[in-house]
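First residue of the sequence shown: 14, per the working numbering; consecutive thereafter.
We treat Cβ as the ideally placed atom computed from N, Cα and C, and that holds for glycine.
The structure appears right after this line, and notes come after that.
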Amino acid sequence: MIVALAAGVLAAGCGQPRGASGPAGPVSRSAQAAPLVAVLEAPFGSVPNAIRLVGLDGVEAARLPLPDDAEAVAVGGHRVLAAGGGRLLGTELGTTAPTALSPIETVASDGPDALVRGLVVSPDGGRWLFATVVQHDDGTLTSRIHLGGPGLADRVVVERTAAGRALEPLAWTAGGAVVGDEPVGIGGYVLFRRTFGSTSLLNLDTGALRPLTGADCAFSDLAADGAVACIAGGREGPNSGGPVLLRIQPAAGPAVEVRLPAGIQQRRLLLAERSLGDPGELAGDRRGE
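Below, the structure is given as structure tokens:
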């Protein structure tokens, strides 16, 4: 199995130096502006684990060890982040390749039992969102979505208490920040399913949530023009229950369903969070084999 955290096109040099928040060394790759892919060394939750930055030619440019208590990881722009143990760690890729993640800030304390879920980074790498989730004795859960960034004070954008469900950021695309309303406590071996609940577009100024997809269609992408892509029936990977259907809902007009090639159920799955545009941006994907 190929376990991918995220893939991105990242011009490591781009002619413009970028500060690195962690120790760095010289880049040995002959073409510094070549795209890089960020992949997890092992399934998330494994100890030890690391993020590897690899070129499309298979040459490794950097390896960033993850702390054993990492609860969430994310990439965006030129930035790599990991959260856990009450800390937010990260680094930026510039003219030199980073060799470690360094502390950026202390994650806002929502209690000793709070877990970090759904860490996402804006497309330009300038801001990030994450949720803290606390379960209470009565079975309800309080989820708070925090907004942060370099030089920005942590701010809670939205807070909610509900039974058996929690809000968490899923993606931050050119179309905006997407939040999922996810059930908590689902068991089983789930390889490819990305979302189990409905999704909404988060207004970062007001905290308002505008519905995007229902629980019957697993979120896949949100375009800059407001078009939404999701997987009808929630099946994102190999299955024996019929074809995988990609549903595209334009900002205006009827939805269109596209039957994905049959081979996708047998050999490999690649779902991109957003298309690769500016070669200085990271674009997430997940792969299974």
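- CB-CB length for Leu142 against Ala175, believed under 8 Å: Not really, about 19 Å apart at Cβ, beyond 8 Å.
- Query: Is it buried or exposed for Ala83, if we count other Cβ within 10 angstroms and need 16 for buried?
  - Reply: Flag for Ala83 reads buried.
- So, using beta-carbon positions, are Leu69 and Ala75 closer together than 8 Å? Going by C-beta atoms, Leu69 is not nearer than 8 Å to Ala75.
- Task: Take Gly210 and list the residues in its own chain whose beta-carbon comes closer than 8 Å to its own, dropping the five residues that flank it on each side.
- Result: Around Gly210: Arg178, Gly193, Asp194, Glu195, Pro196, Ala228.
- Message: By DSSP's criteria, His159 is part of a beta bridge. Which residues make up the other side?
- Response: The partner list for His159 (beta bridge, DSSP) reads Phe143, Val169.
- Message: Give me the residue from Gly188, Leu215, Pro116, Gly103 with the minimum Cα distance to Val241.
- Response: Considering only Gly188, Leu215, Pro116, Gly103, the residue with the shortest C-alpha distance to Val241 is Gly188.
- What residue range is occupied by the uninterrupted beta strand (DSSP E) comprising Ala228? In the DSSP assignment, Ala228 falls outside any beta strand (DSSP E) and carries neither an H nor an E.
- For Ala308, which three-state DSSP category applies? Outside the displayed range of the chain (14 to 302) lies residue 308, so it cannot be described from this structure.
- Task: Can you tell me which of Ala265, Leu225, Asp126 puts its alpha carbon nearest to the alpha carbon of Val191?
- Result: Out of Ala265, Leu225, Asp126, the CA that lies nearest to the CA of Val191 is found in Leu225.
- Near Cys243, what residues of its chain come up, given a Cβ to Cβ distance below 6 Å and the 5 sequence neighbours on each side ignored? Only Thr226, Cys230, Ala231, Phe232, Ser233, Arg260 meet the Cβ criterion.
- What residue range is occupied by the uninterrupted beta strand (DSSP E) comprising Thr212? Secondary structure note for Thr212: its beta strand (DSSP E) is the uninterrupted segment 212-215.
- Item | Short Cβ contact (8 Å threshold) for Val133 with Arg92 | No.
- Same chain, Cβ closer than 6 Å to Gly161, neighbours up to 5 away in sequence not counted: For Gly161, where only same-chain residues beyond five positions count, the Cβ hits under 6 Å are Trp141, Asp167.
- Message: Contact defined as beta carbons within less than 8 Å: I believe Gly246 pairs with Leu258. What is the distance between those atoms, to the nearest angstrom?
- Response: A Cβ-Cβ distance of about 7 Å is found for the pair Gly246 and Leu258, placing them in contact under the 8 Å criterion.
- Task: Kindly give me the distance between the Cβ atoms of Leu102 and Pro80, rounded to whole angstroms, as I take these residues to be in contact under 8 Å.
- Result: Approximately 7 Å separates the beta-carbon atoms of Leu102 and Pro80; this is inside 8 Å, confirming the contact.
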